[in-house]
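Mapping to the working numbering: the sequence shown position 95 is 557, numbers consecutive. Note that the Cβ used here is the ideal one computed from N, Cα and C, for glycine as well. What follows is a single structure, written as structure tokens, with notes after it.
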Amino acid sequence: ASWHPGCPVGPAQLRQIRLVYWGFDNQPHTGTLVVHASVVAATVQVFATLYRARFPIRSIRPASDFGGDDDASMAADNTSGFNCRYVSGPGPRRWSVHAYGQAIDVNPVENPYLDGVSVRPAAGAAYLDRSRYRPGMALRGGVLVAAFAAVGWAWGGNWSPPDYQHFSATGG
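This is the structure we're talking about:
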């Protein structure tokens, strides 16, 4: 994981889980997601639902594969969980819910984050029109949002500005 001394959770509180998912090539793939121990069961349930629905995911790799660089992980359209980092965007410096292992970003290119000034990742600009559905997108009423809602997780797509890729156990 991207854990280092000073992170708000210790490595003993984190779990690496291997998940089978459908790729955009319509083939099953195996990926690794790092999350807090308290959300393992919910995470497995969500990804089992997505697998059964054949919801496409580009990649599932730990943030550590990108040196903890959130921008690099997003640019690779990588789905990830734990990343010991601060909240991006405006406001006071505080830990992201990802730093606690209680948030997951899914298909960042198809589900970009708008920070009020720019689109992250940049390739996500092609997906800003949410009325034009394409595979891998998170939409209100869609399978991805419903799978997370079924385990009580909140979706960042409801925020202003929206963070379409973000799902969290805490609502943050």
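Which residues DSSP lists as bridging residue i, in chain order
i, result
"aspartate 567", "Ser542, His628"
"tryptophan 640", "This structure does not reach residue 640, given that the chain is present from 463 up to 634, and the question cannot be answered."
"tryptophan 465", "Answer is none; tryptophan 465 lacks a bridge partner."
"threonine 492", "Val482"
"leucine 606", "For leucine 606, which the question treats as bridged, DSSP gives no partner whatsoever."
"tyrosine 548", "Trp557"
"tyrosine 575", "Arg582, Asp625"
"isoleucine 522", "Thr541"
"arginine 477", "Val497"
Cβ pair residue i, residue j closer than 8 Å
i, j, result
"leucine 601", "phenylalanine 517", "no"
"isoleucine 566", "threonine 505", "yes"
"valine 497", "phenylalanine 544", "yes"
"glycine 551", "aspartate 577", "yes"
"arginine 508", "glutamine 564", "Sequence check: residue 508 is valine here, not arginine. No; because the gap between Cβ atoms is not below 8 Å, this pair is not in contact."
"cysteine 469", "alanine 616", "no"
"arginine 520", "serine 542", "no"
"alanine 525", "serine 464", "yes"
"glycine 529", "arginine 547", "no"
"proline 473", "valine 482", "no"
Rounded separation between residue i and residue j - CA only
i, j, result
"aspartate 533", "arginine 582", "8 Å"
"tryptophan 621", "valine 571", "18 Å"
"arginine 594", "glycine 604", "13 Å"
"alanine 538", "alanine 631", "24 Å"
"glycine 485", "isoleucine 479", "18 Å"
"threonine 494", "methionine 536", "16 Å"
"aspartate 591", "asparagine 573", "10 Å"
"valine 488", "proline 597", "It is worth fixing the name first, because residue 488 is asparagine in this sequence and not valine. Roughly 11 Å between the two C-alpha positions."
"glycine 586", "methionine 599", "11 Å"
"proline 623", "proline 467", "32 Å"
"alanine 510", "alanine 584", "30 Å"
"arginine 555", "aspartate 527", "24 Å"
"alanine 503", "asparagine 540", "21 Å"
"serine 580", "alanine 611", "27 Å"
Supposed contact pair residue j and residue i - C-beta distance, whole angstroms, cut 8 Å
i, j, result
"tyrosine 626", "glycine 619", "5 Å"
"valine 549", "serine 558", "5 Å"
"tyrosine 589", "histidine 628", "Going by Cβ atoms, the distance from tyrosine 589 to histidine 628 rounds to 14 Å, so no, they are not a contact pair."
"leucine 512", "alanine 609", "6 Å"
Residue i Cβ short of 7 Å to the ligand ATP heavy atom set
i, result
"glutamine 478", "Annotation note on the ligand ATP: not contained in the displayed structure, which lists no ligands."
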